[in-house]
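Chains as they are written, first to last, in the working numbering: chain A, 4 to 330; chain B, 925 to 1498. Here's the structure, in structure tokens; my notes come after.
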Amino acid sequence: MIIEKTGYHGLYFPELNIAMDGYHPDAEAIFVSHAHADHMPRNRSAHVTATAATLDFMRLRGFRGTSTPVPFGEKINVGSAEVTLFPAGHILGSAMIYLEHEGGSLLYTGDYRIPPSPASEGFESPDSVDILITEATFALPIYRWKTYDELTEDIRGFVSDSLNDGYTPILLAYNLGKAQELMHLMAPLNHPMMIHGAGFKLCSVYEEHGINIGNYITYDRDTCKDKILITPSSALAKGFASNLSKTRIAYCSGWATNESRRTQLTVDKMIPISDHLDFFELIRFCKELSPKKVYITHTPNPDVVQHYLEREKIDSSFLDFEMNMED
Amino acid sequence: MTIQFRTYCETLQQIRQTRGNNAKTRIFAECLKSIERDEELQLAAQFIGEGAFSDLSGKRTSVGSRTSGVAAATFCEIDYDLVFKPCRTATGSSSETISRLMENIPAAIEKRSLVEIGLTDIQELFDRLNRAKSRTDKEQILWESWGMMTPVEIKFFIRMLSQGSLRIGFETKSVVSAIAQAFDQDPEEVRYAHMITGSLGKTALLARQNRLDDATFRLFHPLAFMLASPIESRKIDNLHDYIAEEKFDGMRAQVHVKGDQVKLFSRDLNDITSSFPDIVNFFRQKEIPPTVLDGEICLFKENTIQPFQLLQKRMGVKKPSQKVLQDFPVLFIPFDILYADSEPVFHLTLNERRSLLEKLSDDYHLPITNQFEIHHIDKIETMFTRAIEHGNEGLMLKNRLSIYEYGQRRKSWLKVKKPGGSIDTVMMYAHAGSGKRGGTFSDFTLGVSVKDDERYEEEFIPIGKAYGGYSDQELKELNQRIKELTVERYGPTLGLKPGIIVELEYDDIQVNKRTKAGYTLRFPRFRAIRKDLGSSDVNTLKDVEKLYREKMAQQRSAQSEHLSFLYKRNDSNK
């Protein structure tokens, strides 16, 4: 099967006229795995196919084209191929795209998380597949995540301790996905939360899809004291909550496992919570699925993954995309 | 109760995760207080501030980052080049990488079982590593050690081994404060005892035993050097308290003399006696009373201080040949005295020390720096220009009422210097940073143009590597730009298309035959990122050569013609 690159870092299958996570003028269908900027087609007026939640997010983030919503698990026909979306566990609406045609089957993971994010539809995959195209953002054995139970304890502990000590907790997290996941995990604390405007407008989609993200309003500088604050780290430099003298800051990202990030960001707490799977889950997943061929994308270290897959006698190569360092 | 290494490392980790110096100091003071045995107290203070061995012991474990990396890869059953190295690039730290692999990799988890080890056991392991000769022996000891430790212990164990910083934001000054706090002593007295003993361990013990008065200076044990701050960095409102001296283009050294026993120490407190037999002989012939002097080793030839580039022929040469000694003669020019006539004098004011130094210089015909009065701030500029004309590096301003503040960089001494110059360069490579800059590209190789240079085929060649001078914001923007310009990747290094032009400031230009350009810059750093310039505006190698020739040809006046230092040699055979 021919795999071409298209758009910023999307894929195009010319034999099937199918594009994934990128625009192609000849595509009969363009599938979007999830609504993070590096996976949405740059062409804002294309016709795309995705889950309803992904389409909701896309519209809120400026997409103006037409669309076909597809529920998870439902087979749709595109030319001679059948396409099914599987929940990827990365963020709400995130899907792995499974493609079957006479030549065999292929699974494109987009971004995925095993075990799945508690603020997503979970994770499911086909039992077997011929070709696997997988992301490998955290493809080094220095990355092994704590369980969600441990992470939840870290997050709630940080927030409660800060509030008890008279400090306003600030969680640094990406606007879409991480922010709402944290809110979901903190909801049982029943403490008012304030989220930065760019993330706030995306919150209602979570609630419409039945995910409890607690008691929240949009960030307001004058009244933010003693609330739980959630913001991307870039807003800190622009004066976010700079009127408060007593704050404690937690950086919530997979990259928080790297010690150097602490001094680079000057934060009080590093919470290594990622919406990607870790190295060990990645190798385990490949082994379990045992495809004939694995293509590795979205990683600075394809060689390491290939080295481990070789040991499992799985053939693999690197599909060279630009790396997006936003977790 | 004896303190476990595990408990100790958990305390270190807690200090690291605590913000604010007072809070950190409190944690460590509590830790010190909880230790009962003297030996363990000494080690607890030493490990955090000095590492595996005390600064005074001169001992090293000689376990490099490659040895520990390879040993860790074997322990974890992973490939060193294929797996370990990319992990180290991602974290920017060898010790962090090892500790995380130990935590994550099943094969490594299986090999580790928790054994209770005390601080004295750790000392024993460090000693064994120090005695081990071969890499294989060292590896065996590392494996044995790691087999008993948690990942946090392993991380700090490795950082102690390399005698570097533990990277917990808690340096010597804070350790001294914690000792004072733990044993309810005056911080100034603790600091003084540390200056005398040169050992945090001994200081902690003396503090606990209420015997800080016992700390006495010992000849032939180096005292940490007093350092100067750049004048730009300090606000000075009492300039009339300062005197000026010219700053020589040499190498700082401390000389200890007693009878015909002479020792020299470099600024990092290493014994450099064997490199300078001529200075040793000089002092042997003088027969001065027991003395410690602080000063500058200069290449002194034809009655003139020669450029630093020539002094380099003597630096690091363990046993210089007769020919080297003849071609590159050196002179030690004292500017301070720390021990006079068998008495420590570093607690006296500079004025008082100066009188002692002048008397010694008079009596035994030693060279001595000249001091100049600063009557008015405007005079500094004139004096600076004159120092440069003399061929010197710049000026030192010293507060005459200050004591010798060992190991500190405060405002009692100020240096007035001017950058050697700056050139416009193109960014050729970006390297992944390490330590606190891990995970970003923070070190850059910069190049000059050889487009029209018949000796070269390429367009640009490297001239220096800079890792400072930019702001955090600029570094962020650079990292963004670099992504767009990357054409090649060699492990942690990115090859870039010409596109980023940097005005590079340096202290000096040196000949270096091992580089492609034949020249290197001393202490290159960013002055500005020149968005207004393009790659055709970059300076050429020929420009660099011209700057070098100008620098070497610069007129230097002979010692007899000016007064940057005094040296009466006519009757030096006294």
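No residue lacks a Cβ here, since even glycine has one placed at the ideal position from N, Cα and C.
Of all the options the options, which has the alpha carbon lying nearest to the alpha carbon of residue i?
i                  : options                                   : result
PRO235 of chain A  : A:TYR311, A:ALA190, A:LYS181              : A:LYS181
HIS233 of chain A  : A:GLU210, A:VAL162, A:PRO74               : The residue asked about is misnamed: residue 233 of chain A is Ile in this sequence, not His. ILE233 of chain A has its Cα closest to that of A:VAL162, out of A:GLU210, A:VAL162, A:PRO74.
ARG1055 of chain B : B:ILE1082, B:GLN1397, B:ARG984, B:ASN1463 : B:ARG984
HIS93 of chain A   : A:GLY113, A:LEU205, A:ASN80               : A:GLY113
GLY10 of chain A   : A:ARG45, A:ILE231, A:ASP168, A:GLU18      : A:ARG45
LEU154 of chain A  : A:LEU322, A:ILE173, A:PRO121              : A:PRO121
TYR1472 of chain B : B:TYR1430, B:HIS1355, B:PRO1416           : B:TYR1430
TRP1067 of chain B : B:LEU1049, B:LYS1057, B:SER1198           : B:LEU1049
ASP130 of chain A  : A:PRO305, A:LYS296, A:LEU110              : A:LEU110
ALA98 of chain A   : A:ILE6, A:THR57, A:LEU285, A:ILE33        : A:THR57
ALA1168 of chain B : B:GLU1305, B:GLU1077, B:GLY1362           : B:GLU1305
TYR1288 of chain B : B:SER1153, B:ILE927, B:LEU1490, B:LYS1126 : B:LEU1490
LYS228 of chain A  : A:ILE173, A:ALA240, A:GLU124              : A:ILE173
PRO1253 of chain B : B:ILE1261, B:GLN1236, B:TYR1263           : B:GLN1236
Using three-state DSSP, classify residue i as helix, strand or coil.
i                  : result
GLN1185 of chain B : strand
PHE203 of chain A  : helix
ASP1376 of chain B : coil
HIS104 of chain A  : strand
TRP148 of chain A  : coil
GLU238 of chain A  : Checking the displayed sequence, the identity of residue 238 of chain A turns out to be Ala instead of Glu. Helix.
PRO1154 of chain B : strand
GLN1178 of chain B : strand
GLY2 of chain A    : Any property of residue 2 of chain A remains undetermined from this structure, which presents chain A solely from 4 to 330.
ILE1029 of chain B : coil
TYR1004 of chain B : helix
ASP1495 of chain B : Low confidence applies to ASP1495 of chain B: its pLDDT is 47, below 50, so where it sits in the model is not reliable, and the reading given next is rough at best. Coil.
GLU934 of chain B  : helix
ASN327 of chain A  : Legend: pLDDT at ASN327 of chain A = 39, less than 50; position of this residue unreliable, value from coordinates given subsequently. It is coil, neither helix nor strand.
ASP1396 of chain B : helix
GLU1020 of chain B : helix
Determine, for residue i, whether the minimum Cβ-Cβ distance to residues of chain A falls below 8 angstroms.
i                  : result
ARG1310 of chain B : no
LEU1025 of chain B : yes
ALA1014 of chain B : yes
THR1197 of chain B : no
ASN1028 of chain B : yes
GLU1485 of chain B : no
ASP1495 of chain B : Residue confidence is low: ASP1495 of chain B scores 47 on pLDDT, short of 50, so the model does not pin down where it sits. No coordinate-derived value is stated.
CYS1011 of chain B : yes
GLU1020 of chain B : yes
ILE1002 of chain B : yes
SER1279 of chain B : no
SER1089 of chain B : no
SER1266 of chain B : no
SER1098 of chain B : no
PRO1017 of chain B : In the sequence as presented, Pro is not what sits at residue 1017 of chain B; that position holds Ser. Yes, SER1017 of chain B lies at the interface with chain A (some Cβ there is under 8 angstroms from its Cβ).
Using beta carbons (cut-off 8 angstroms, strictly below), is residue i in contact with chain B?
i                 : result
GLU329 of chain A : Any answer about GLU329 of chain A is weak, because its pLDDT of 39 lies below 50 and its placement is not dependable; what the coordinates show is given next. It does not: the Cβ of GLU329 of chain A has no partner Cβ on chain B nearer than 8 angstroms.
SER263 of chain A : yes
LEU143 of chain A : yes
ARG287 of chain A : no
ASP41 of chain A  : no
ASP271 of chain A : yes
GLN267 of chain A : yes
List, in order along the chain, the chain D residues whose C-beta lies closer than 7 angstroms to that of residue i?
i                  : result
LEU1006 of chain B : In the displayed structure, chain D is absent; the protein chains listed are A and B.
Does the Cβ of residue i lie closer than 7 angstroms to at least one heavy atom of the ligand SAM?
i               : result
ILE6 of chain A : As for the ligand SAM, it is missing from this structure, which has no ligand bound.
Determine which residues share a DSSP beta bridge with residue i and list them.
i                  : result
ARG1413 of chain B : B:LEU1418
LYS1225 of chain B : B:THR1228
VAL308 of chain A  : VAL308 of chain A is not bridged to any residue.
GLN1434 of chain B : B:THR1444
GLU85 of chain A   : A:ASN80, A:GLU103
CYS255 of chain A  : A:ILE274
GLN928 of chain B  : B:GLY1042
PHE1368 of chain B : B:ALA1354, B:ALA1390
THR1349 of chain B : B:VAL1426
### Query
Looking at chain A, which residues of the segment 1119-1132 of chain B have a Cβ within less than 8 angstroms of any of its Cβ atoms?
none
### Query
Got a sec: which bits of the segment 938-949 of chain B sit with their beta carbon under 7 angstroms from any beta carbon on chain A, in order along the chain?
ARG943
### Query
Between the segment 147-160 of chain A and chain B, which residues of the former have a C-beta closer than 7 angstroms to a C-beta of the latter?
ARG147
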